[in-house]
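According to mature numbering (1 follows the signal peptide of the UniProt record, and there is no 0), the residues represented by the sequence shown are -20 to -1, 1 to 152, in order. From the three backbone atoms N, C-alpha and C, an ideal C-beta is built for every residue, glycine too. Quick notes on the structure that follows.
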Amino acid sequence: HAVLLGAALFLGAASQSAHGKAEPPLALYSLPQLDVQCWSPSYPQRVLCTWKVQPEPDLPTSYTATYRKGLLGVQIPCEVNPERPRSCVMENLEMFSVEPYFVNVTATNALGSTTRLLPFILEKIVKPDPPVDIKVTLRSSRRLTVEWAPPPSWTDPTLFQLKYQVQYSDGG
């Protein structure tokens, strides 16, 4: 017997498995809550989105993600990476749009589905990857030289120049 209680499913009395073993007599299942985060490590070419699921679903759960410009825009699939099923990539977004983009992530399992709609403005989610090839050279007892290169994901460092912040501590 099954009774649906809000977003939770209560499965009653013990049941027998195909092998004759008793299953746990009571189980409580609920639809997961989605925590979606998006950022652009390679502005303006790509936006990455990832999502966490709480609680971790016990039932097999599939995920779909789409995005659109504005609430009435055409819905476009957000390409999910099979190696990271809780992430997707959006490409070719419009720079300086006054209309926000919306990413829509849906988790679906035997209980139904739950959706998280996240609005964002492309320029407000720019988060470059850290610099690479960092070299520190000791010049004297009181002078250091620090050199680095832009992250490979930042595809146009000439047009979209990054600013870096260097922090130093003498360990004391």
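### Message
Classify Phe76: buried if its beta carbon has 16 or more other beta carbons within 10 angstroms, exposed otherwise.
### Response
In the sequence shown, residue 76 corresponds to position 96, counting from 1. With fewer than 16 Cβ atoms within 10 Å of its Cβ, Phe76 is classed as exposed.
### Query
Do the segment 100 to 109 and the segment 67 to 81 make contact, defined as three or more Cβ pairs closer than 8 Å?
At 8 Å Cβ cutoff, the stretches touch.
#### Entry: In DSSP terms, what Ala87 is bridged to
Taking the first residue of the sequence shown as 1, we reach residue 87 at position 107. Note: Ala87 sits in a beta bridge opposite Tyr43 and Thr94.
### Query
If we count the other Cβ atoms within 10 Å of its Cβ and call it buried at 16 or more, is Thr117 buried or exposed?
Here residue 117 refers to the residue found at position 137 of the sequence shown. Flag for Thr117 reads exposed.
### Task
Leaving out five residues on either side along the sequence, give the residues of the same chain with a beta carbon under 7 Å from the beta carbon of Lys107.
By 1-based counting over the sequence shown, the position of residue 107 is 127. The residues Trp19, Ser20 and Pro21, in chain order, have a CB closer than 7 Å to that of Lys107 in the same chain once the five nearest residues on each side in sequence are set aside.
#### Entry: Cβ pair count under 8 Å reaching 3, the segment 132 to 141 against the segment 44 to 59
Cβ pair count under 8 Å is below three, so no.
### Query
Which word fits Pro35, buried or exposed, when buried means at least 16 other C-beta atoms lie within 10 angstroms of its C-beta?
One-based indexing of the sequence shown puts residue 35 at position 55. It counts as exposed.
### Residue span of the beta strand (DSSP E) that contains Asn61, given as start and end
The residue given as residue 61 occupies position 81 in the sequence shown. Taken as a continuous stretch (DSSP letters only), the beta strand (DSSP E) holding Asn61 covers Glu59 to Asn61.
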